[in-house]
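Residue numbers (our numbering), protein chains in the order written: chain X, 1 to 352; chain C, 353 to 704. Every residue, glycine too, gets a C-beta built ideally from N, C-alpha and C.
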């Protein structure tokens with residue numbers, strides 16, 4: 001990785017100062033698989049967490065005061081390919097930039113592992129937003145597993161927030177379990193829908209509608225306004241059938257056009273209302289705590305699994321025992337007990 | 353656990369001889385949480401697997417020859433409470449007993465952990481079948497987790513098969529993920545449905561219809577025959593919309609009455625057809641291998657987790673670090689790395 005070697009302190013200073021080059025390099029460090037990069041990245045993150053940013057970014061200190069009561073907001077955005085996620089984020093992002101907010105756009109795209117970045121890879125997709133000094137756009141990290149990709153994005157959120165970005169979008173396409181991962185690292189979850197009623201449910205994976213706090217029928221412009229309203233009515237009905245969400249918030253269904261901007265302020269107003277609701281009832285804090293707990297457990301257990309399956313004795317025993325188990329000659333439970341014992345992971349029970 | 357202490361060899365001999373008392377005691381051993389019972393149970397199971405039963409149970413050797421080409425069949429049965437699972441199993445079980453088959457009925461009911469056995473607990477629910485010498489009925493094991501309960505049932509299948517039972521029913525109510533667990537330990541999966549079309553889908557959890565190889569609308573008798581046929585048409589339509597199953601088998605939708613026996617032979621005929629299909633295309637064997645692999649991984653990882661979270665240093669560190677992570681003062685990933693290192697589960701990366 002050709003890059004000037006920096007100390008943890010240099011990264012921290014640069015990020016705090018809002019230096020976009022240093023921020024980008026720190027994210028590259030987080031995304032690196034090399035153990036020494038990982039250790040350095042953790043040191044940087046920990047120093048940033050130890051000394052929270054007290055002063056807002058200078059260039060917008062005047063504007064920022066109007067948002068001073070609002071902490072960082074993490075916004076998850078998902079929807080089928082072609083629904084217009086990038087244009088939606090750009091339209092909403094430009095509105096927020098005009099309000100003085102600092103906007104970061106991240107992405108989780110497990111499908112990009114092969115193509116090395118299919119979403120957000122082409123920065124021209126958010127031309128206006130990427131030209132703004134108040135916006136920072138980062139393509140999806142490459143990785144060989146959703147868990148790895150999601151973890152990097154979750155850590156990148158901490159970096160961009162430390163650099164002063166108060167609104168973080170995390171975009172994902174509906175591949176595998178990526179929506180669940182995004183849902184677990186954001187405060188509010190937006191599902192974008194296509195105009196036209198009824199059939200849309202087919203294209204949306206089960207459980208995604210239930211996760212959404214805000215459903216927005218995008219492309220509600222020109223000839224599609226009527227279809228968009230049909231879709232809106234359809235999803236209004238569908239969300240009424242859902243059990244109450246743990247947030248205490250009833251999902252809002254809106255129509256908007258990322259192209260002409262109609263309805264975008266209303267989407268933001270709904271997010272602000274959501275924010276007021278979950279601040280008032282304590283869900284905002286509770287949810288962030290639960291998310292931290294989830295990522296702790298996830299990190300512990302994925303680390304545990306890779307240590308275990310990488311253990312030479314485990315590898316050796318599994319290579320010998322697995323064919324016996326598959327052929328039905330050894331019970332899976334007996335084989336598991338033997339492998340665990342041989343690796344010293346559990347105390348040997350008394351012999352009988 | 354008051355029981356005459358037996359050696360592994362005594363259990364094996366008794367089970368092989370079809371001694372129902374010894375079989376019941378061996379199952380109790382499998383269900384025991386005590387480590388020395390677990391070790392003995394594994395020894396028994398391994399000895400049974402090492403020396404497969406060559407001769408059929410003497411009492412039915414004549415009848416058994418007609419089924420000699422058919423290996424043990426494991427049948428999962430699920431459906432909403434009140435659909436008549438027990439009466440269905442009894443009706444089908446009596447038919448199989450009359451054909452000379454040996455029938456065992458097991459259950460997974462995670463909800464019974466508190467009540468200590470709500471399904472099959474009352475043996476009078478299968479009065480006729482439980483009176484048959486060719487049938488063996490065992491209530492759901494108690495346990496504090498679905499994983500534990502499912503594991504015990506999966507091991508019990510091996511015991512009853514070693515005792516000569518060639519047809520094993522595993523019944524479950526639709527609680528939590530119990531259908532998935534049953535699906536992962538059986539060869540053919542039967543979903544029982546109630547008469548009346550349309551609304552039934554509401555009561556059935558998502559994904560269950562997709563798992564079913566055979567859907568049977570039960571209680572198709574008296575006034576309900578018309579409703580049952582409506583439900584059958586409804587589900588025929590629903591299954592036509594499903595993507596092809598990995599088994600290569602198109603799910604069959606039937607109507608039956610466990611009360612008057614109508615349609616029960618047809619359900620069995622469909623199972624035999626299913627069996628022919630998956631024997632011919634190799635899915636039967638492939639599926640059993642995949643199931644063994646699943647249970648191996650499940651046993652490895654649950655053993656790993658309990659060893660890890662039970663480790664004194666892990667407990668100590670987690671107690672100190674978890675509140676910091678939840679409060680957002682320490683990154684979940686940094687905390688996880690520290691806990692894993694302290695417990696010696698991963699090599700310490702080079703210091704920076």
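What residue does the alpha helix (DSSP H) around residue i start on, and which one ends it?
{"i": "residue 51/X", "result": "Neither: residue 51/X is in no alpha helix (DSSP H) and is coded neither H nor E."}
{"i": "residue 275/X", "result": "264–280"}
{"i": "residue 579/C", "result": "577–592"}
{"i": "residue 684/C", "result": "684–694"}
{"i": "residue 377/C", "result": "372–383"}
{"i": "residue 13/X", "result": "8–16"}
{"i": "residue 563/C", "result": "560–563"}
Out of the options, which has the shortest C-alpha to C-alpha gap to residue i?
{"i": "residue 261/X", "options": "223/X, 278/X, 87/X, 191/X", "result": "87/X"}
{"i": "residue 247/X", "options": "84/X, 321/X, 214/X", "result": "214/X"}
{"i": "residue 267/X", "options": "103/X, 256/X, 276/X, 221/X", "result": "256/X"}
{"i": "residue 547/C", "options": "434/C, 508/C, 534/C", "result": "434/C"}
{"i": "residue 673/C", "options": "302/X, 292/X, 321/X", "result": "292/X"}
{"i": "residue 666/C", "options": "695/C, 450/C, 627/C", "result": "695/C"}
{"i": "residue 249/X", "options": "270/X, 133/X, 334/X", "result": "270/X"}
{"i": "residue 329/X", "options": "603/C, 663/C, 656/C, 510/C", "result": "510/C"}
{"i": "residue 11/X", "options": "227/X, 48/X, 327/X", "result": "48/X"}
{"i": "residue 224/X", "options": "209/X, 76/X, 211/X, 259/X", "result": "259/X"}
Helix, strand or coil for residue i per DSSP?
{"i": "residue 184/X", "result": "coil"}
{"i": "residue 326/X", "result": "helix"}
{"i": "residue 425/C", "result": "strand"}
{"i": "residue 163/X", "result": "coil"}
{"i": "residue 133/X", "result": "coil"}
{"i": "residue 173/X", "result": "strand"}
{"i": "residue 435/C", "result": "coil"}
{"i": "residue 648/C", "result": "helix"}
{"i": "residue 546/C", "result": "coil"}
{"i": "residue 551/C", "result": "Residue placement at residue 551/C is flagged as unreliable, the pLDDT there being 49, under the threshold of 50; a coordinate-derived value is accordingly withheld."}
On the DSSP letters alone, give me the boundaries of the beta strand (DSSP E) that residue i sits inside.
{"i": "residue 604/C", "result": "604–607"}
{"i": "residue 106/X", "result": "103–108"}
{"i": "residue 567/C", "result": "566–569"}
Given a threshold of 16 other Cβ atoms within 10 Å of its Cβ, counted over all protein chains shown, does residue i qualify as buried or as exposed?
{"i": "residue 372/C", "result": "exposed"}
{"i": "residue 316/X", "result": "exposed"}
{"i": "residue 241/X", "result": "exposed"}
{"i": "residue 128/X", "result": "exposed"}
{"i": "residue 25/X", "result": "buried"}
{"i": "residue 390/C", "result": "buried"}
{"i": "residue 418/C", "result": "The pLDDT assigned to residue 418/C is 48, lower than 50, so where the model puts this residue is not dependable; a value taken from the coordinates is nonetheless given after this. Exposed, by the Cβ-count rule."}
{"i": "residue 633/C", "result": "exposed"}
{"i": "residue 357/C", "result": "exposed"}
{"i": "residue 51/X", "result": "exposed"}
{"i": "residue 589/C", "result": "exposed"}
{"i": "residue 140/X", "result": "buried"}
{"i": "residue 332/X", "result": "buried"}
Taking C-beta pairs closer than 8 Å, name the residues in chain X that residue i reaches, listed in chain order.
{"i": "residue 483/C", "result": "The contacting residues do not exist; residue 483/C stays about 32 Å from chain X at best."}
{"i": "residue 784/C", "result": "Shown here, chain C extends from 353 to 704; a query on residue 784/C therefore has no answer."}
{"i": "residue 401/C", "result": "328, 329, 330, 331"}
Mind listing the chain X neighbours of residue i? Cutoff is C-beta to C-beta under 9 Å, in chain order.
{"i": "residue 645/C", "result": "322, 325, 326, 332"}
{"i": "residue 640/C", "result": "326, 328"}
Would you mind telling me which residues of chain C sit closer than 7 Å to residue i, beta carbon to beta carbon, in chain order?
{"i": "residue 45/X", "result": "683, 686"}
{"i": "residue 158/X", "result": "683"}
{"i": "residue 99/X", "result": "Simply none; closest approach about 25 Å."}
{"i": "residue 25/X", "result": "Here the premise fails: no neighbours, minimum Cβ distance about 16 Å."}
{"i": "residue 151/X", "result": "685"}
{"i": "residue 146/X", "result": "Here the premise fails: no neighbours, minimum Cβ distance about 16 Å."}
{"i": "residue 355/X", "result": "The structure shown has nothing for residue 355/X, since chain X only spans 1 to 352."}
{"i": "residue 95/X", "result": "Neighbours of residue 95/X on chain C: none; closest Cβ ~28 Å, over 7 Å."}
Within 8 Å: the Cβ of residue i and any heavy atom of the ligand FMN?
{"i": "residue 305/X", "result": "Annotation note on the ligand FMN: not contained in the displayed structure, which lists no ligands."}
Chain C partners of residue i, CB-CB under 8 Å?
{"i": "residue 42/X", "result": "683, 685, 686, 689"}
{"i": "residue 155/X", "result": "683, 685"}
{"i": "residue 304/X", "result": "656, 657, 660, 692, 697"}
Given that residue i touches chain X, what residues does it touch there, using C-beta distances under 7 Å?
{"i": "residue 458/C", "result": "Going along chain X, no residue has its Cβ under 7 Å from residue 458/C, so there is no contact; the nearest lies around 16 Å."}
{"i": "residue 543/C", "result": "Under the 7 Å cutoff, chain X gives no residues; its nearest Cβ is about 18 Å from residue 543/C."}
Verify the CB distance criterion: does residue i have a CB-CB separation below 9 Å to chain D?
{"i": "residue 546/C", "result": "Protein chains X and C are contained in the structure displayed, whereas chain D is not."}
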